[in-house]
Amino acid sequence: MSIATHSIPFALIILLFLLALPACAYAGFRFGSMELARNPARYAEGKMPGEASLGALLALLGLLLGFTFSATLSWREASVAAVVEEAAALGTAFLRADLLPDAEGRPLQQALLDYGRTRIVPPGYRATRENVDAFVAASTEAQSALWPATMAALTPQVPAPVATFVAGGITEVLDAHSRRVAAASKSITSGIWSLLSFAAASGVFIIGNRAALQGRSLSWRTLVFSVVLTAVLVTIEDLSRASDGFTVVPQTPLIAAVADMESALGTAALASATPNP
164 MSIATHSIPF ALIILLFLLA LPACAYAGFR FGSMELARNP ARYAEGKMPG EASLGALLAL
224 LGLLLGFTFS ATLSWREASV AAVVEEAAAL GTAFLRADLL PDAEGRPLQQ ALLDYGRTRI
284 VPPGYRATRE NVDAFVAAST EAQSALWPAT MAALTPQVPA PVATFVAGGI TEVLDAHSRR
344 VAAASKSITS GIWSLLSFAA ASGVFIIGNR AALQGRSLSW RTLVFSVVLT AVLVTIEDLS
404 RASDGFTVVP QTPLIAAVAD MESALGTAAL ASATPNP
């Protein structure tokens with residue numbers, strides 16, 4: 164299962180849509196003006212063709228946008244839930260490890276802390292293939308230490324119910340990783356983006372074209388429609404990006420969980436270093 168990547172910067176996506184859709188409207192208007200100049204009688208009052216085609220195209224565009232927006236919103240909610248679940252699993256496993264004797268429990272808790280630090284996506288993170296591979300490699304390396312630390316901590320002296328309880332917490336951490344990867348792998352395919360872009364460009368092109376064929380100028384309403392359509396497409400792209408759009412998947416639950424683990428280990432270390440009176 165591959166984590167979705169975004170090689171094109173988000174700001175460039177916005178700029179492309181802002182320029183491309185009004186340009187398509189203007190191109191349609193210019194094409195319609197030339198067509199009207201060549202054959203004005205064909206587009207006399209009451210003989211304007213393509214009304215049904217334009218309505219069907221815009222209806223189809225609305226349907227495509229609606230379904231895509233719904234899918235990306237669902238993926239974003241799944242990504243947010245996966246972060247919360249992973250933070251809860253880390254915190255639970257850490258507390259369960261505290262039931263073990265210090266000599267066995269502290270190394271396991273330290274391994275959980277090291278792993279939790281690698282799960283936090285830094286601010287401004289861009290999900291390029293290189294960045295994603297580096298993030299996954301660091302996380303996988305820390306994750307590989309969890310189960311050996313668990314096996315080392317669960318000595319024969321640990322009661323079986325406690326060992327099962329602790330091991331269950333670690334397996335839940337590993338399962339939370341799988342669920343988070345599954346949520347992060349969802350993305351709009353290039354084929355769907357091509358279809359959306361083509362439908363949007365065709366819609367504004369035909370609107371501009373019909374304005375010219377009717378002998379009207381390219382009005383501000385067409386440009387406003389292009390900008391609104393751009394805003395919808397940008398919002399869809401924003402929801403499909405977890406870390407570098409206008410809205411990002413919050414890492415607050417993981418940051419809080421890691422801070423709690425650091426505080427607990429720091430307090431434990433301080434208590435063990437304080438001599439008894």
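Counting in the numbering used here, the sequence shown runs from 164 upward without gaps. Glycine residues also receive a C-beta, built at the ideal position from the N, C-alpha and C atoms.
In terms of CA proximity to Leu226, Ala363 leads the group Ala363, Ser382, Arg404. Taking the C-beta atoms as reference points, Glu267 is found nearer than 9 Å to Ala315.
With respect to Ala188, Val367 sits close: the two C-beta atoms are nearer than 9 Å. When secondary structure is reduced to three states using DSSP, Ser406 falls in the coil class, being assigned neither helix nor strand. The beta carbon of Thr231 sits closer than 8 Å to the beta carbons of Ile351, Ile355, Leu359, Ile399 from its chain, once the five residues preceding and following it are set aside; these are given in chain order. CA-CA distance, Leu228 to Ala427, rounds to 48 Å. Asp265 sits in a helix when the DSSP states are folded into three classes. When Cβ pairs closer than 8 Å are counted between the two stretches, the stretch 196-203 is seen not to touch the stretch 306-321, the count staying below three. Contiguous alpha helix (DSSP H) elements confined to the stretch 320-359 occur at 323-347, taking only those with 4 or more residues. Annotation: the continuous alpha helix (DSSP H) that includes Asn294 extends over 292-306. Taking the CA atoms as reference points, Phe257 sits about 23 Å from Ser242.
Leu381: not part of any alpha helix (DSSP H); DSSP gives it neither H nor E. Looking at the backbone, the Cα of Ala260 and that of Thr410 are separated by about 35 Å.
A Cβ-Cβ separation of about 6 Å places Leu309 in contact with Ile333 under the 8 Å criterion. Beta-carbon to beta-carbon, Thr281 and Ala301 are separated by about 5 Å, close enough to satisfy the 8 Å threshold. Per DSSP, reduced to three states, the secondary structure at Tyr288 is coil, with no helix or strand assignment.
Its chain contains Gly371, Asn372, Ala374, Ala375, Leu381 as the residues whose beta carbon lies nearer than 7 Å to that of Phe192, once the 5 sequence neighbours on both sides are disregarded; these appear in chain order.
In the structure shown, the three-state DSSP call for Val411 is coil. Three or more Cβ pairs closer than 8 Å define a contact, and the stretch 383-399 meets that threshold against the stretch 168-186. With a cutoff of 9 Å on beta-carbon distance, Ala252 and Glu335 are scored as near each other. DSSP places Ile171 outside both helix and strand once states are collapsed to three, so it counts as coil. Around the beta carbon of Phe361, fewer than 16 other beta carbons lie within 10 angstroms, which makes this residue exposed. Asp401 and Pro311 have their C-alpha atoms spaced approximately 40 Å apart. Using a 10 angstroms sphere on the CB of Ala245, the tally of other CB atoms reaches 16 or more, which defines it as buried. Contact between Tyr288 and Ser406 holds: their C-beta atoms lie close to 4 Å from each other, under 8 Å.
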